[in-house]
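A.B. asks: Below is a structure I'd like to ask you about.
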Amino acid sequence: MHEAEGQLADKDSIRISRRTLLKGAGVATGAAAAAAVTAAPSEAQAFKLLDPKQGQPAERVVPGFCEICFWKCGLQAHVRGNRVMHLTGHPDYPNAKGKLCGRGNAGPAFISDPDRLKYPMVRVGKRGEGCFERVGWKTAYERIAQAFLKIKAEHGPEALAAFYHGTSGTMLRNMMAALGTPNYAAPAYAQCKGPRDVGFKLTFGVPMSSPEPLDFEHTQCMVFFGSHLGENAHNGQVQAFVQARVRGAKLVVLDPRLSTVASKSDIWLPVVPGSDTAVILAWIRLLIEDDAYDKTFVEHQCVGFDELRKHVARATPTWAARYAGVPAEDIIAAYKLMAQAKPAVIVHPGRHVAWYGEQDTQRARAQATLAALLGSFWAKGGIYKPAAPKLGDWPTPNYPDFPKNVDQAADRYPFAKECTTNGIRDATRLGMPYPIKGWLVHGSNLMQSLPNKHHTREAIERLDFLAVIDVLPTEITDWADVLLPEDMYLERTDDLTVGRCKDKPYIGLRIPAVKSPHDTRPGWRIAKELGTALGVGDFFAFNDFDEYLSARLKGTGIELGELKKRGIAFPKTKIAPYLDRAAHYQWHTPSGKVELFSQQMADKGFSPLPTFWEQPKPQKGWLRLLYGRSPLHTFGRTQNNSILNDLDPGNCVWMNPECAAAMKIEHGDQVMVENPHGDKTGPMPANVTERMPRRSLYMIHGFGNQSKKLKLAYNKGGSDTEVIDTYAVDPISGSTGMRVQWVRVRKVTKDEELYPCAMG
């Protein structure tokens, strides 16, 4: 097939699609504008813009769901021949309400990316040099199988490990589990949402699901903690948030930086970084002191209230204000908004919450406790109980008896729900608690997602073998021994997705909109074929993927053929989003109640009640590094997308004017950011703004990519990960707190090449 086939290639198409990309972004508030949540243009208008010579409608519309972020918004691909002309939001998907964000609209540009991985390759130079030669799929599979089976024979199955990501990663994880290894992990846990999941599970017996089950439709008050909603384009949630604000719901935001969502708030508390928990404890004390908590919920559903009352006795607003750096009067005013609105209060759990180490799970416990006292858990206008269709499983042999994973063997992180990426990395580097010799890395650029790049490189250098599966040549691919190219999401069928919803739980399916123009394969096929080469093919004994999907749909009443036509189905599912507060309910905790006091925590030597301690402050001349997201990028995955790169090519450094003056930095100066050990990143323009607190610096994550094969993304802006070599591991959840890094800023020198970056 000709390489250009299937591409959204001509310049006019791309230029116009950029224009339509942000159409309608000024919906209600700047948060919606920042997230670029847009309705698609009509088909006739879109095709007139995309291809003036051919104004006819699309030959076919292929339903599916997006894979650019975890939200998995429903989409429709409008296809002519083997070209995706444009995408529109799927009108029936509850999580997106017929719209796509800026990232989602740019999906076709991934197909035409000239830098994408096109065929299997094996390394011919030294690790890290990125020198490869093309081979066939059979040869690539044989190389991996030979190496992995040798490692298994010599060191045991636990010497193999897998890092995985996204919908297609689950089947590759299962392939590695079939080999007998317990060591598989996703950065989405330890580097992102682990503390909130552990904190809520310890309290309510269930982790916070994703997307978060927040009842924006009926809420009267929303409380956000460092959440970058509106800058991180969580499509459906941004829409729901905007509608709640338009309806009159109150908004309280705790964030050191005047973020987009903070700028829309009724009360913004610009707290000192790491002091959120102190403010929450003060709110808990006020609820108890004023007898304003939800007595029915606490009496019938909770244990540990008396212990909690004693625990927060000293947590006055004045006490919290000393640590948080905000007036006690503002803390009280925010509390009153919540107390008046209960139980219709959303205590937002956040998503990326791996900030300060052990304080992170304690903060999540405090948030969960606050939600319990407000009676807002499984309550109308608060956090609802999501419903989900139950899928069948493909019949497989029994998995082997697993040895302890590296974290269990080291007797650490007692409440981690899975093995940690950092645990695998450090066991590989140190050889303890046992050696790990082979990695399979799928869709995870560990150079950008794990803190301390030096430790990551050291671990890779100690491996006997590294296999990488990806769509793009990110930094990690240069270190691979064998490199396998995966179809991008519009080119492949994936496993079913389940929508956990309040009132319309669903099953979603993605099928190929177009055929890949290269010698790439979908993740499920790679797992099946590589699994066969590894001797575990009986775990993937389906003749084709339709057979597998049909088995998964068994018992749902949904036929695969119908699901392929529509892309979504709504099987009968029991729906009960709100709890009868006085009814007997068996919570999935040891006590069967909501545990304000956690005996589980006490038994493991941790504080059984939410606890705060002050974070260290940077020394003179140094700043705390904070980081966040762009509405037009997903981590470091999208910077090489031609449309998104054109709209948002790089990041900048946010600095408070007082700090900038002390460092002799002016607004717009090109600067470098460096840590105490001399690691540096940049150049980037300085954004000197009162929106930042003193003694802190802020960058958008995902830029500064160091893969020269990503021609649009290479060295554009700076990478926060490049300078994060200090982090705090949470001994409760195992997550890596990455907001404990000190950095400083200096102007670029003459020999440091400049790249244009966005100011924001």
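For the record, in the sequence shown the residue sitting at position 558 is 563 according to this note's numbering, with numbers rising by one throughout.
For glycine and all other residues, C-beta sits at the position ideal for the given N, C-alpha and C.
(1) What is the C-beta distance between Ser612 and Gln367, in whole angstroms, given that I count them as a contact (C-beta under 8 angstroms)?
(2) I'd like to know whether the C-beta atoms of Gly723 and Gly687 end up nearer to each other than 8 angstroms.
(3) As a quick exercise: from Ala193, Thr616, Arg128, pick the residue whose alpha carbon is nearest that of Ser214.
(4) One question on the structure: do Pro216 and His233 come within less than 8 angstroms of each other, judged by their Cβ atoms?
(5) Measuring only the C-alpha atoms, how far is Phe221 from Lys269?
(6) Considering just the uninterrupted stretch of the alpha helix (DSSP H) at Ser603, what are its terminal residues?
(7) Taking C-alpha atoms, which residue in Arg744, Arg148, Gly253, Trp383 lies nearest to Pro621?
(8) Is the beta carbon of Thr479 sitting closer than 8 angstroms to the one on Ala195?
(9) Output needed for Val358: all residues of its chain with C-beta closer than 7 angstroms, excluding positions within five of it in sequence on either side, in chain order.
(10) Grab the span of the beta strand (DSSP E) containing Arg148 for me, first residue to last.
(11) Helix or strand or just coil, what does DSSP make of Lys458?
(12) Over the uninterrupted alpha helix (DSSP H) stretch that includes Gln675, give me the two end residues.
(13) I need the boundaries of the alpha helix (DSSP H) containing Glu769, first residue and last residue.
(14) How is Thr686 classed by DSSP in three states: helix, strand or coil?
(15) If you run the structure through DSSP and keep just helix, strand and coil, what is Tyr340?
(16) Kindly indicate which residue of Gly79, Trp383, Leu291 has the alpha-carbon position closest to the one of Ala339.
(17) Would you kindly check if the distance between the Cβ of Asp475 and the Cβ of Arg128 is under 8 angstroms?
(18) Fully enclosed by the region 432-514, which alpha helix (DSSP H) runs are 4 residues long or longer?
(19) Within its chain, find whatever has a CB closer than 8 angstroms to the CB of Gly436; leave out the 5 residues flanking it on each side and keep chain order.
(20) By the three-class DSSP mapping on this structure, what secondary structure does Thr93 have?
(21) Would the beta-carbon of Arg108 fall within 8 angstroms of that of Ile73?
(22) When burial is assigned at 16 or more other CB atoms within 10 Å of the CB, is Gly626 buried or exposed?
(23) Which residues bound the beta strand (DSSP E) around Ala167?
(24) Quick check for students: name the residue ranges of the alpha helix (DSSP H) that lie wholly in the region 340-416, counting only runs of 4 or more.
(25) Using DSSP with H/G/I as helix, E/B as strand and the rest coil, what is Lys570?
(26) Between the Cα of Asp499 and those of Arg417, Glu727, Pro517, spot the shortest distance and give me the residue it belongs to.
(27) DSSP state of Gln225, grouped into three classes?
(28) Pick helix, strand or coil for Trp529, following the three-state DSSP scheme.
(29) Would you say Phe310 and Val303 are within 8 angstroms of each other, going by their C-beta atoms?
(30) Starting from the Cα of Leu568, find the closest Cα among Ala166, Ala182, Leu514 and give me that residue.
(31) Note down the Cα distance separating Ala283 from Val734, rounded to an integer number of angstroms.
(32) Quickly, what does DSSP pair Leu219 with across the bridge? List them, please.
(33) Residue range of the beta strand (DSSP E) that His83 falls in?
(34) Can you tell me the Cα-Cα spacing of Glu236 and Tyr583, whole angstroms?
(35) Can you check which of these residues, Val350, Tyr389, Val331, is closest to Phe229 by C-alpha distance?
(36) Quick one: give me the first and last residue of the alpha helix (DSSP H) that Tyr703 is part of.
C.D. replies: Reading off the structure:
(1) 7 angstroms
(2) yes
(3) Ala193
(4) no
(5) 16 angstroms
(6) Neither: Ser603 is in no alpha helix (DSSP H) and is coded neither H nor E.
(7) Arg744
(8) no
(9) Lys198, Pro200, Arg201, Asp365, Ala369
(10) Here Arg148 belongs to no beta strand (DSSP E); instead the alpha helix (DSSP H) covers 142-160.
(11) helix
(12) Taken as a continuous stretch (DSSP letters only), Gln675 belongs to no alpha helix (DSSP H), being part of the beta strand (DSSP E) at 675-679.
(13) As shown, the chain starts at 6 and ends at 765. That puts residue 769 outside it, with no answer to give.
(14) strand
(15) helix
(16) Leu291
(17) no
(18) 451-454, 458-466
(19) Arg467
(20) strand
(21) yes
(22) exposed
(23) 165-168
(24) 363-378, 411-414
(25) helix
(26) Pro517
(27) coil
(28) helix
(29) yes
(30) Leu514
(31) 21 angstroms
(32) Ile388
(33) 79-85
(34) 30 angstroms
(35) Val350
(36) Run containing Tyr703: none in the alpha helix (DSSP H); it sits in the beta strand (DSSP E), 701-705.
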